[in-house]
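Protein chains in written order, with this note's numbering: chain A, 10 to 560; chain B, 549 to 865. As structure tokens, the structure follows; a few thoughts come after it.
Rendered as structure tokens:
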């Protein structure tokens, strides 16, 4: 014989008792949670980065622009630095650990850098010309005891011009370039100076230095470094630039690679500032009282055309037609207004923008006309393949944006087939070049570029001798006129004159429609209303010294 | 018994070898370049070749595998390409965090699962059963990461009761026993506990229902035992199966969860793997997968030996 449980246990009253217990438990839990607040000292700024780890702390940072932004110009200094004081104009170079520099009037490969007197590393040792030589050896001289392959991997490619260097006196360094190269100061802005005394004190072991770094920068890392989780920085009160002595008590960096986690951390008050909030979270963040700070900076989102034989983009009419068939305002709406529609390869207002004649309007009729002139029409549509990523650093919303472009290009007779890869793979295809098998016959690659200095901004993409594997002229573009302009940049040592040459180069970029120029990111940052005094420079790097936190 | 144990141990060797080969090859077959994480994107071919040589990535795969496995046998899993830190150290720190999370999730899952299972089993067919069974079904079915985000929105963003992410107020370093740290554990542990909770609840429900329908419970009731006393017998009868199910679930949870640890930025093995995947950090990927795989091999070995001890028929088969 069997019986149901109900028949054996009538258990009247069990449910109300259970409810009561749960209610008491929930109340106790709530009180416990509320009783423990997160008491933080006033003046602590906590930033959620997009990086998945703390950038390399030993000097030369990894993690690209973000690494240099948070771990480079915070803890360290370079000989030459970027002016990060203004949000209204593009940044230019300013003296850093070097107070001045000049090229020899007779030998244009020979540079003299006068160093700042009285600068000390965080460990108390003095910065001088020997420090510069020691740091360059750290990156370039493989048999030097302080040579560090990880820092070398990051720094060596930033200073391709450097041939040799020596200390002339304690406050003078001479650097000789392989050929005359007026872009050397830009190259040196990447090179950060670590302390030899600290490296020796840490047993000449860079892994130990990583835990206890020492630079000359406005921020110090004394403790509170947990790899992959957080790092705490405190002000260097003895910083040489008194205007840049940090006002905060502490700066905490937290890697939060997952966008939703970043937003949740901001909204729950665990961080005060997040990098790159997802476009779809911006409206709700604004609604919740957070500030969204944006500004132009040297970034672009383009299609880099292949110019190898047989590529349809070898025809300027096709390149111009494609550029006229991109609805940039529509893309800006798609991005929630967090972009600057392209008017050229560089962002509008950039000091090297110049006055290109070709306007990047959205004009389907003019585009169709150009396509017809190039021999295409309803019965002869252009078919081509383009490599794009599914997501990645600086790629914004690549799938949605490219789908939109695909639709508008189809209107003028260009049928695009996408080859989608993850960002890491796209970088490898980009390095390998359009002729490589990995490109699978694609005639363009969607890339987001760091375009901050003459080399990264303009030269590396199009100089003849930088075609793969020598460089990253992905499309094998080669034009003697353009190469002549690049040579002129390298041989123009007057900064104002050099800017004019760079403007001419950019005008040629746009007038020849050398890329499909689509949009520029605006480096959105979301922050609590308590964050005060932040000026978002038009630069990949930022200054955190002037920031204060309201209680 | 000893012979059986040794035999099972010998069987582990080819399995472990197979696991190591598969995890090494899978990672090398996948597209991507570990150097992308440490080199600027426009690094010259010469510099790339130099770095490839530094890290031994230019050697034939067989040689790379041989070196890796030889060092691994000596307890050295190499250093991370992306961070330069020791892989063994990274895995040890991350494993500890994953173990803490897994234990907390098991505790929550087992307690709630048992409670729901007992209630459902006892009130079988009634409204309480339907609610408890519904909750356990929900637990098994609901996507982890979605639940994690919902919990964050409710308890961190709107109510502000609990942290949305992280391993502690100052990271997982210097972790102490106290609410300051436990509050960081609550949301990820609850998120992680829902699947074991559902599985344990369903198991216990059927166990309890089965036990209650057996003659001995009727006899106990007929003898005039109080409800409380009868319940004690039911629990005793259900406990061994429930505990073995819980043990299995703990085994799964100890492996960490990429999704949950990423959503909560919990610095465990899943978070470590996630970062390593995106940076193609081969030594970290290989090391972590190998350690996790070997952990499962070890758990299986222990289970086999323990089962063989309890039930000699298993040894004979």
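Just so it is clear, CB atoms sit at the ideal spot from N, CA and C, and this is done for glycine as well. Nothing here was measured: the structure is a model prediction, and the numbers come from that model.
Between the options, which has its C-alpha nearest residue i's C-alpha?
| i | options | result |
| --- | --- | --- |
| residue 243 (chain A) | A:79, A:231, A:237 | A:231 |
| residue 199 (chain A) | A:389, A:161, A:227, A:124 | A:161 |
| residue 792 (chain B) | B:561, B:752, B:681, B:597 | B:752 |
| residue 137 (chain A) | A:84, A:194, A:253, A:205 | A:205 |
| residue 453 (chain A) | A:478, A:193, A:425 | A:425 |
| residue 691 (chain B) | B:839, B:805, B:561 | B:805 |
| residue 355 (chain A) | A:523, A:180, A:491 | A:523 |
| residue 552 (chain A) | A:510, A:100, A:290 | A:100 |
| residue 813 (chain B) | A:550, A:276, A:267, A:236 | A:267 |
| residue 374 (chain A) | A:461, A:333, A:349 | A:333 |
| residue 840 (chain B) | B:851, B:818, B:828, B:854 | B:818 |
| residue 738 (chain B) | B:618, B:640, B:778, B:808 | B:808 |
| residue 102 (chain A) | A:58, A:111, A:194, A:179 | A:194 |
| residue 825 (chain B) | B:581, B:563, B:567, B:663 | B:581 |
| residue 250 (chain A) | A:105, A:432, A:74, A:370 | A:105 |
| residue 319 (chain A) | A:450, A:53, A:78 | A:450 |
| residue 427 (chain A) | A:392, A:500, A:216 | A:392 |
| residue 672 (chain B) | B:762, B:754, B:602 | B:754 |
| residue 311 (chain A) | A:353, A:302, A:218 | A:353 |
When burial is assigned at 16 or more other CB atoms within 10 Å of the CB, is residue i buried or exposed?
| i | result |
| --- | --- |
| residue 474 (chain A) | exposed |
| residue 423 (chain A) | buried |
| residue 39 (chain A) | Its pLDDT being 42, under 50, residue 39 (chain A) is placed unreliably in this model, and the coordinates cannot settle the point. |
| residue 554 (chain A) | buried |
| residue 90 (chain A) | buried |
| residue 186 (chain A) | buried |
| residue 866 (chain B) | Residue 866 (chain B) is absent from the model: chain B starts at 549 and stops at 865. |
| residue 686 (chain B) | exposed |
| residue 642 (chain B) | buried |
| residue 115 (chain A) | exposed |
| residue 694 (chain B) | exposed |
| residue 228 (chain A) | buried |
| residue 829 (chain B) | buried |
| residue 575 (chain B) | buried |
| residue 784 (chain B) | exposed |
| residue 565 (chain B) | exposed |
| residue 820 (chain B) | buried |
| residue 543 (chain A) | buried |
| residue 707 (chain B) | exposed |
| residue 34 (chain A) | For residue 34 (chain A), the predicted structure reports a pLDDT of 47, less than 50, and the residue's modelled location is therefore unreliable. The matter cannot be settled from this model. |
| residue 640 (chain B) | exposed |
| residue 202 (chain A) | buried |
| residue 622 (chain B) | exposed |
| residue 25 (chain A) | Residue placement at residue 25 (chain A) cannot be trusted, given a pLDDT of 45 that sits under 50; the coordinates are not used to answer. |
| residue 30 (chain A) | Since pLDDT at residue 30 (chain A) reaches only 45, below the 50 mark, its modelled position is unreliable, and no value is offered. |
| residue 362 (chain A) | buried |
Could you name the residues that DSSP lists as bridge partners for residue i?
| i | result |
| --- | --- |
| residue 55 (chain A) | A:261 |
| residue 397 (chain A) | A:429 |
| residue 348 (chain A) | A:530 |
| residue 244 (chain A) | A:228 |
| residue 189 (chain A) | Answer is none; residue 189 (chain A) lacks a bridge partner. |
| residue 301 (chain A) | A:535 |
| residue 412 (chain A) | For residue 412 (chain A), which the question treats as bridged, DSSP gives no partner whatsoever. |
| residue 284 (chain A) | A:534 |
Tell me whether the segment 275-284 of chain A and the segment 537-556 of chain A touch, counting them as touching only if at least three CB pairs, one residue from each stretch, are closer than 8 Å.
yes
Between the segment 144-152 of chain A and the segment 160-179 of chain A, are three or more C-beta pairs nearer than 8 Å? yes
- Message: Whether or not the segment 657-665 of chain B and the segment 732-744 of chain B are in contact is what I'm after, with contact meaning three or more pairs of Cβ atoms, one per stretch, closer than 8 Å; do they touch?
- Response: yes
Q | Minimum length 3: unbroken beta strand (DSSP E) runs contained in the segment 451-480 of chain A | A | 453-459
query = Hey, is the segment 699-714 of chain B in contact with the segment 626-640 of chain B, meaning 3+ C-beta pairs nearer than 8 Å?
reply = no
* Asked: Do the segment 580-589 of chain B and the segment 431-440 of chain A meet, that is, are 3 or more Cβ pairs less than 8 Å apart?
  -> yes
Could you tell me whether the segment 505-519 of chain A touches the segment 121-130 of chain A, using the rule of 3 or more Cβ pairs below 8 Å?
no
For this session: For the segment 397-412 of chain A and the segment 451-467 of chain A, state whether three or more C-beta atom pairs, one from each stretch, are separated by less than 8 Å.
Result: yes
If you scan the segment 475-520 of chain A from start to end, which runs of the alpha helix (DSSP H) of 4 or more residues do you find wholly inside it? 489-499, 504-520
Q.
Threshold first: 4 residues or longer. Then list the alpha helix (DSSP H) segments lying entirely within the segment 598-622 of chain B, N to C.
A. 609-621
*asked:* As an exercise, report each continuous alpha helix (DSSP H) stretch of at least 4 residues that is fully enclosed by the segment 64-120 of chain A, in chain order.
replied: 73-76
Within the chosen definition, does the segment 609-619 of chain B reach the segment 633-641 of chain B through at least 3 CB pairs nearer than 8 Å? no
If we count Cβ pairs, one from each stretch, closer than 8 Å, do we get three or more for the segment 404-411 of chain A versus the segment 550-559 of chain B?
no
| Using 8 Å as the Cβ pair cut-off and three pairs as the minimum, do the segment 216-227 of chain A and the segment 247-265 of chain A touch? | yes
Exercise for review: Would you list, in sequence order, the uninterrupted beta strand (DSSP E) runs of no fewer than 3 residues that lie entirely inside the segment 782-816 of chain B?
Suggested key: none
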